[in-house]
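The structure appears below as C-alpha cells.
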Amino acid sequence: MTEQKQDEQQNTEEYDYDRQLYRCPISWPITSEKPKMTKKVYSLIKKTVTKNKKGILKGIKDVTKAIRKGQKGVLILGADASPYDVVSHFPVMAEEAKIPYVWVPSRQDLGTATQCKRATSVVLLKPDPDFKSSYDKIVLAIEDLNSDE
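Note that the working numbering gives residue 101 to position 101 of the sequence shown, counting from 1, and the numbers run on in steps of one.
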C-alpha cells in the first residue's frame, strides 16, 4: 500500500459513523450522544415488530394520525430526514400530547429495525406488556437526555 492510501484509510477511520450522516438542525435529543441507547432503541423496535407487527406505527402519515387520535407510546425520529420540514412538526405534536420522543442517527437503520426494506423517518413504538422493562428503560433514558440541556 502506498503512503497516501494509508493516510486516507486512517483519516476515514477517524470519523465515526454518526458524524458522516447528515443531521437536521432540529434533531435534539439524539441518541448518538449515548451509542448504547441507540442500540437499545433499535433492539426494542426489532423485538416489538417480531412479536407483534401492530406494536409499532411507521411513516409520517400513520404516526401523525395516531398522535392526533391520542395514541400513546415513544416517538422515534430519523435525524437524517431530508427535507427536515416533513418531520419538523413531530416534536411539537409529541410535547403537546406528552409523548416522549428521541432522534436516532439514521432513518435507514430505523427502517431496517422495523423490518422494512425502505428507510423510515418516524416510528411510534406502542407500549407492550411483554417488553415493559425495556420500554420503561428507554423512556427513562429519553428523560435523562432531555434533562441534559
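Idealized CB from N, CA, C, for every residue including glycine.
Per the contact definition of three or more C-beta pairs closer than 8 Å, is the segment 110-128 in contact with the segment 50-69?
-> yes
What residue does the alpha helix (DSSP H) around L44 start on, and which one ends it? Position 44 of the sequence shown, counting from 1, holds the residue named residue 44. Note, L44: alpha helix (DSSP H), P35 to K51.
Checklist entry - In whole angstroms, what separates the C-alpha of L124 from that of E96? => result Looking up residue 124 in the sequence shown gives position 124. Looking up residue 96 in the sequence shown gives position 96. Annotation: L124 to E96 spans about 15 Å, alpha carbon to alpha carbon.
Does at least one heavy atom of the ligand NAP sit under 7 Å from the Cβ of N52? As far as ligands go, the structure on display features none, and thus does not contain the ligand NAP.
*Under the three-state reduction of DSSP, which class applies to K132: helix, strand or coil?*
On the sequence shown, position 132 is the one that residue 132 refers to. In the structure shown, K132 sits in a helix (DSSP, three-state: H, G or I).
Helix, strand or coil, according to DSSP, for V84 in the structure here? Looking up residue 84 in the sequence shown gives position 84. It should be pointed out that residue 84 corresponds to Tyr in this sequence rather than to Val. Y84 falls in the helix class under three-state DSSP.
| task | Specify whether the segment 67-84 and the segment 99-116 touch according to this definition: at least 3 beta carbon pairs, one from each stretch, less than 8 Å apart. | result | yes
* Asked: Buried or exposed: which applies to R23, given that a residue is buried once 16 or more other Cβ atoms fall within 10 Å of its Cβ?
  -> Numbered from its first residue, the sequence shown carries residue 23 at position 23. The residue is buried, with at least 16 neighbouring Cβ atoms inside 10 Å.
So, helix, strand or coil for I56, using DSSP? Locating residue 56 in the sequence shown gives position 56, counting from the first residue. In the three-state DSSP reduction, I56 falls in the strand class (E or B).
(Q) Tell me which residue opens and which closes the alpha helix (DSSP H) that G111 is part of. (A) Counting from 1 along the sequence shown, the entry for residue 111 is found at position 111. Run containing G111: R107 to A113, per the alpha helix (DSSP H) assignment.
Tell me whether the segment 88-95 and the segment 60-67 touch, counting them as touching only if at least three CB pairs, one residue from each stretch, are closer than 8 Å.
yes
Open item on the list: Within the continuous alpha helix (DSSP H) that includes P91, where are the two ends?
Closed with: If you number the sequence shown from 1, residue 91 lands on position 91. Looking at the DSSP string, the run of the alpha helix (DSSP H) that includes P91 is F90 to E96.
* Using DSSP bridges, identify the partner residues of Y101. => As a working note, residue 101 is residue 101 in the sequence shown. Y101 is bridged to L75.
Distance check for L110 and Y84, CA to CA, integer angstroms please.
As a first step, residue 84 is located in the sequence shown; it is residue number 84 there, counting from the start. As a first step, residue 110 is located in the sequence shown; it is residue number 110 there, counting from the start. Spanning the two alpha carbons is a distance of roughly 16 Å.
Next on the checklist: Just to confirm the assignment, what range does the beta strand (DSSP E) spanning L124 have?
Outcome noted: Locating residue 124 in the sequence shown gives position 124, where the first residue counts as 1. Counting along the chain, the beta strand (DSSP E) containing L124 begins and ends at V122 to L125.
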